[in-house]
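According to my numbering, the sequence shown is numbered sequentially starting from 6. Yeah, the Cβ is synthetic: ideal placement off N, Cα and C, and Gly gets one too. Remember, it's a predicted structure, so these values are computed and weren't measured experimentally.
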Amino acid sequence: MSILTNEGFRVTIIGGGLSGLLLAGLLQLNSAAAVTVYERFISEESSYWSQGATIHLKSDSGFLAIK
Numbered sequence: 006m007s008i009l010t011n012e013g014f015r016v017t018i019i020g021g022g023l024s025g026l027l028l029a030g031l032l033q034l035n036s037a038a039a040v041t042v043y044e045r046f047i048s049e050e051s052s053y054w055s056q057g058a059t060i061h062l063k064s065d066s067g068f069l070a071i072k
């Protein structure tokens, strides 16, 4: 049985939204992972609001979601 360590592994995250970028940042801070983030949304002509979702940080529920 081998021991799993966090040294020298690669992680690919699909989606550069709030959770994808947060996960990428935390992995880079807390491990030896090489992180790659892929994001499909590249068009400046598309409406920003047609992609993904937002968290309202002025409400209590918004802060709870990122804790």
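Ranked by how close their Cα comes to the Cα of Arg45, the residues Thr17, Leu34, Gly21 have Gly21 in first place. The residue among Leu26, Ser36, Asn35 with its C-alpha nearest the C-alpha of Tyr43 is Leu26. With contacts defined by Cβ atoms closer than 8 Å, Ala37 and Arg15 do not form a contacting pair. For Gly25, the uninterrupted alpha helix (DSSP H) run begins and ends at 23-35, by DSSP.
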